[in-house]
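Right, one structure below, let's go through it.
Numbering (this note's numbering), first residue to last: 6 to 170.
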């Protein structure tokens, strides 16, 4: 499965405008989930960015995710694979990486339709250790299985992000 996405950092003012836009467009919040991420491996990809392995505690779920960059039709796209773990597996795996990068955030979930496609939207509220203020990120994502759909899907997500911001 491929994760066709765009993530953009937004200001507090942009966040407020975005939430108001979603309310006016009947795009309700699906809830907020606290997430506790442990990035255990990050290797520079020849296609830009990093190939990563991450362990996530999300409420009562424990998830291992691997994300690897590929180049498809001149576009860097991430292939993602993930599976759930038991709590004991999670604790055991994370304990093997005492220096893992840890990011704690709250993720608010939305779903919208754009040009006939359902888009998963998340807004992350993050407090980084190196930053005195809260930071905000919007991510729009569509998962696709067919590589032939990736470029068109990426363009659709770009137009969506430009319209809502």
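Virtual Cβ for every residue (Gly too), placed ideally from N, Cα, C.
Predicted model, so just to flag it, every value in this text is computed and none were measured.
Less than 9 angstroms between the C-beta atoms of residue i and residue j, yes or no?
i           : j           : result
residue 56  : residue 49  : yes
residue 95  : residue 115 : no
residue 29  : residue 111 : no
residue 141 : residue 10  : no
residue 84  : residue 6   : yes
residue 99  : residue 43  : yes
residue 119 : residue 154 : no
residue 87  : residue 71  : yes
residue 143 : residue 170 : yes
residue 123 : residue 147 : yes
How would you label residue i, buried or exposed, when you count the other beta carbons within 10 angstroms and need 16 or more for buried?
i           : result
residue 164 : exposed
residue 35  : exposed
residue 14  : exposed
residue 151 : exposed
residue 145 : buried
residue 37  : exposed
residue 90  : buried
For residue i, does the three-state DSSP call read helix, strand or coil?
i           : result
residue 2   : Residue 2 cannot be examined here, being either before or after the span of the chain that is shown, 6 to 170.
residue 142 : strand
residue 35  : coil
residue 106 : strand
residue 101 : coil
residue 52  : coil
residue 171 : Beyond the ends of the chain as shown, which are 6 and 170, falls residue 171; an answer cannot be given.
residue 167 : helix
residue 157 : helix
Who does residue i pair with in a DSSP beta bridge?
i           : result
residue 69  : 60 and 88
residue 119 : 122
residue 128 : 113 and 143
residue 42  : 61 and 108
residue 152 : Answer by DSSP bridge pairing: none, since residue 152 is not bridged.
What's the gap between the Cα of residue i and the Cα of residue j?
i           : j           : result
residue 27  : residue 157 : 24 angstroms
residue 104 : residue 45  : 8 angstroms
residue 47  : residue 102 : 12 angstroms
residue 81  : residue 160 : 13 angstroms
residue 59  : residue 125 : 20 angstroms
residue 33  : residue 73  : 32 angstroms
residue 166 : residue 139 : 21 angstroms
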